RNA sequence: GCUGGCGUGGCUCAGGGGUAGAGCAGUCGAUUCGUAAUCGACAGAUCGAGGGUUCAAAUCCCUCCGCCAGCUCCA
């Protein structure tokens, strides 16, 4: 007999060789039905796994996070089997589960998947599910596995196999066989609710020099109702898409003849960005930053010093021809080399440090053509740039100050709950991408890790995501499509002070190198606007709303008083617009509501007579009559508090 | 840059070899109205650009530009 310690703390004795499924069934038939796999000593195991030793044990159900992954992975296998039935020549690459579902990459020879193909594949998958094929695990030796997959001509699997440390296992269902760690559901019939979502190209192992494969994204849930809810959520999310809403609300537009990745901010969008800029600049000033304004371009020699010419040239717009012109300029992709020149403009003392430079800085980056997206990835953008020069003693506190400023910004914008931190390190195996100084990389990363740990930040680590000149703390967020982006970054730079020969004279009268923190406080304004649109579905908090109140006279006779109110509120600094068109009040309200304007002020006979306003809130509807001074006070306070 | 989808009046879309259609928005007129669409008339597109096939191209083919999703990249 072996002894299993159950999640509720109880112990259960079972005979050696009892399967996970039998244990589940003993507990309850319903549990057995809902089970996806078992967990033995923190290791997920198949339901068919025969228990041989004592340990902590749990049954994992399909609707738990781990169980859902198992279900989705099994669905991915079913999809692969279906694809092989439809395209027998197809070669399988990888098919992992991801956050909200799964994908599988295929080499389909020359065939590219069209949307219609997804329906065909789904149909075949349903067939496989109906066939209820048992899914079986088999452990193989490396040689055995290699022989099996080379016989199948499964080149990609062979490549994966070569990197595998443990002995490989394979899973079979009917005539389908796949290299897989598992676990899996016991049979294909266990999958009740799945949907294929999209097909797109994807490079093998993410390497643009390698084969372009066909990737199919899909998802699966334990219950049909959960799948349907998920699909509805996806639809709802798409309605918040900044790229759609931002255009509908007249915040920005793009024009073919201007060019890709070059959105035009219209008065309303520009207004939001202006508010953000003023907010950031004022806050930075309070925190001891000095404001600079530096050129948008420079000679290539400057970028040769900074290393951009060697490491970032593809990302820059270059003016002139290196081979024929005496002077070649480049639009700036970053502000650092420019602010360094200001630092260098005179001899610095330790007494000058820390020195905090900020700039509302427009940058240009030559993104690849397939990459541009609304306001999120563009070729020209404006960022809350800044560089802090400090001594190593000051580094910790300055870094802390930067993180505090960032958190304050995110809190103020209501984005704090939507972001997370990422510690981005270099990739020692990719020397070309980075300034080559391994000791300095390792040292700086260690230093940064210590600072982060002292800050008590929860963060994830990412290898190969560092800037070419140093490690970063990135603040990450997801857009409505679930795609992750860096919105803010803080970097410790060990390299550029050296390259630019930045110095200060220390107490002991010797020349030392300052340490530089590159940072942004809310990142790029365009991207922030995009995030805000998606966060609030276009309905900005009053302080950020381009139009804060719309004044709606009921009939022409009320126009004079409406104009008076408009002036009154404008004088108080409120952004108001008067809609004196000859339309019915319901029409005007509907339009203001669709423009997501926070307040509608309705003016008719009653209001003219009592010198008041009928206030309607976008959120709460009719608020009834209010003295005009009371309303003014209310909205001014709401704006000052940056209420959400 | 790569894979796929797409591009028709300001917007959303229909038409898919025989010389453009709707709704909304716009303009004009009527209506003067109390909390999410008043009625009517008018105007507006050489169908992303260029080239080709054809008696005839928005429609078929090619190239380019742009938009969308994904991959590489990145704020």
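In our numbering, the protein residues as written are 998 to 1641. Positions of the beta carbon are idealized from the N, C-alpha and C atoms, including for glycine. Nothing here was measured: the structure is a model prediction, and the numbers come from that model.
Touch test, the segment 1498-1515 against the segment 1378-1392, Cβ-Cβ under 8 Å, three pairs minimum: yes
Simplified DSSP assignment, three categories, for residue 1345: Your numbering for residue 1345 matches position 348 in the first chain. Reduced to three states, the DSSP call for residue 1345 is coil.
For residue 1191, the three-state DSSP class (helix, strand or coil): Translated into the one-based positions of the first chain, residue 1191 becomes position 194. In the structure shown, residue 1191 sits in a strand (DSSP, three-state: E or B).
Backbone CA spacing between residue 1534 and residue 1488 [nearest angstrom]: As a working mapping, residue 1534 is identified with position 537 in the first chain. As a working mapping, residue 1488 is identified with position 491 in the first chain. So the alpha carbons of these two residues sit roughly 32 Å apart.
Three-state secondary structure assigned by DSSP to residue 1308: Here residue 1308 corresponds to residue number 311 of the first chain, with the count starting at 1. It is helical.
Endpoints, alpha helix (DSSP H) assigned at residue 1585: Start at 1 with the first residue of the first chain, and residue 1585 comes out as number 588. Looking at the DSSP string, the run of the alpha helix (DSSP H) that includes residue 1585 is 1582-1591.
Between the CA atoms of residue 1121 and residue 1166 - distance to the nearest angstrom: For the purposes of this step, residue 1166 is identified with residue 169 of the first chain, where counting begins at 1. For the purposes of this step, residue 1121 is identified with residue 124 of the first chain, where counting begins at 1. About 26 Å.
Length of the line joining the Cα atoms of residue 1248 and residue 1267: Here residue 1248 refers to the residue found at position 251 when the first chain is read from its first residue. Here residue 1267 refers to the residue found at position 270 when the first chain is read from its first residue. Cα-Cα distance, rounded: 7 Å.
Buried or exposed (CB count within 10 angstroms, at least 16 for buried), residue 1046: For this step, residue 1046 is matched to residue 49 along the first chain. Residue 1046 is buried by the Cβ-count criterion.
Own chain partners of residue 1609 with C-beta closer than 8 Å, once the 5 adjacent residues on each side are dropped: If you number the first chain from 1, residue 1609 lands on position 612. Closer than 8 Å at Cβ, skipping near neighbours: 1603, 1622, 1623, 1624 and 1625.
Limits of the alpha helix (DSSP H) - the one that residue 1227 falls within: As a working note, residue 1227 is residue 230 in the first chain. Note, residue 1227: alpha helix (DSSP H), 1221-1236.
Outcome for residue 1092 when other beta-carbon atoms lying within 10 angstroms are tallied against a minimum of 16: Position 95 of the first chain holds residue 1092. Looking at its Cβ environment, which holds 16 or more other Cβ atoms inside 10 Å, residue 1092 is buried.
Opposing strand residues paired with residue 1008 [DSSP bridges]: In the first chain, residue 1008 corresponds to position 11, counting from 1. Residue 1008 pairs with 1002.
Euclidean distance between Cα positions of residue 1056 and residue 1042: As a position in the first chain, residue 1056 is number 59, starting the count at 1. As a position in the first chain, residue 1042 is number 45, starting the count at 1. Those two C-alpha atoms are separated by around 10 Å.
Residue 1078 in three-state terms, based on DSSP: Counting from 1 along the first chain, the entry for residue 1078 is found at position 81. DSSP places residue 1078 in helix when its eight states are reduced to three.
DSSP beta-bridge partners of residue 1326: Stepping through the first chain from its first residue, residue 1326 is reached at position 329. Its beta-bridge partners are 1296 and 1316.
Pairwise C-alpha distance: residue 1125 and residue 1022: As a first step, residue 1022 must be located in the first chain, where it is residue number 25. As a first step, residue 1125 must be located in the first chain, where it is residue number 128. Their Cα atoms are separated by approximately 26 Å.
Per DSSP, the bridge partner or partners of residue 1170: In the first chain, counting from the first residue as 1, residue 1170 sits at position 173. Residue 1170 is bridged to 1132 and 1173.
With 16 other Cβ atoms within 10 Å as the buried cut-off, status of residue 1342: Here the question's residue 1342 lines up with position 345 in the first chain. Exposed is the call here.
CB contact flag (residue 1585, residue 1549, <8 Å): Indexing the first chain from 1 puts residue 1585 at position 588. Indexing the first chain from 1 puts residue 1549 at position 552. Cβ atoms of residue 1585 and residue 1549: closer than 8 Å.
Cβ pair residue 1118, residue 1083 closer than 8 Å: In the first chain, counting from the first residue as 1, residue 1118 sits at position 121. In the first chain, counting from the first residue as 1, residue 1083 sits at position 86. A contact, by the Cβ cut-off of 8 Å.
Where residue 1144 sits in the DSSP three-state scheme: Position 147 of the first chain holds residue 1144. Three-state DSSP puts residue 1144 in a helix.
Backbone secondary structure at residue 1494 - three-state DSSP: Working through the first chain from its first residue, we reach residue 1494 at position 497. It is helical.
With 16 other Cβ atoms within 10 Å as the buried cut-off, status of residue 1207: The residue labelled residue 1207 in the question sits at position 210 within the first chain. Answer is exposed; the Cβ neighbour count stays below 16.
Three-state class that DSSP yields for residue 1358 in the structure shown: Here residue 1358 refers to the residue found at position 361 when the first chain is read from its first residue. Note: residue 1358 maps to strand in three-state DSSP.
Residue 1189 beta carbon less than 8 Å from that of residue 1219: Residue numbering aside, residue 1219 sits at position 222 when the first chain is read from its first letter. Residue numbering aside, residue 1189 sits at position 192 when the first chain is read from its first letter. Cβ atoms of residue 1219 and residue 1189: closer than 8 Å.
Exposure of residue 1570, with buried meaning 16 or more beta-carbon neighbours within 10 Å: Counted from its first residue, the first chain places residue 1570 at position 573. It is exposed - the Cβ of residue 1570 has fewer than 16 other Cβ atoms within 10 Å.
Inter-residue Cα distance where the pair is residue 1298 and residue 1141: Working through the first chain from its first residue, we reach residue 1298 at position 301. Working through the first chain from its first residue, we reach residue 1141 at position 144. If I take the Cα positions, the gap works out to 58 Å.
Residue 1182 and residue 1068 closer than 8 Å at C-beta: By 1-based counting over the first chain, the position of residue 1182 is 185. By 1-based counting over the first chain, the position of residue 1068 is 71. For residue 1182 and residue 1068, yes; Cβs fall inside 8 Å.
Supposed close pair residue 1402, residue 1420 - CB separation, criterion 8 Å: On the first chain, residue 1402 is found 405 positions in, with the first residue counted as 1. On the first chain, residue 1420 is found 423 positions in, with the first residue counted as 1. Residue 1402 to residue 1420, Cβ: 19 Å. No contact.
Three-state secondary structure (DSSP) of residue 1198: Along the first chain, one-based indexing puts residue 1198 at 201. Three-state result, residue 1198: strand.
Start and end residues, beta strand (DSSP E) containing residue 1023: Start at 1 with the first residue of the first chain, and residue 1023 comes out as number 26. First-last for residue 1023: 1017-1024, but that is the alpha helix (DSSP H), not the beta strand (DSSP E).
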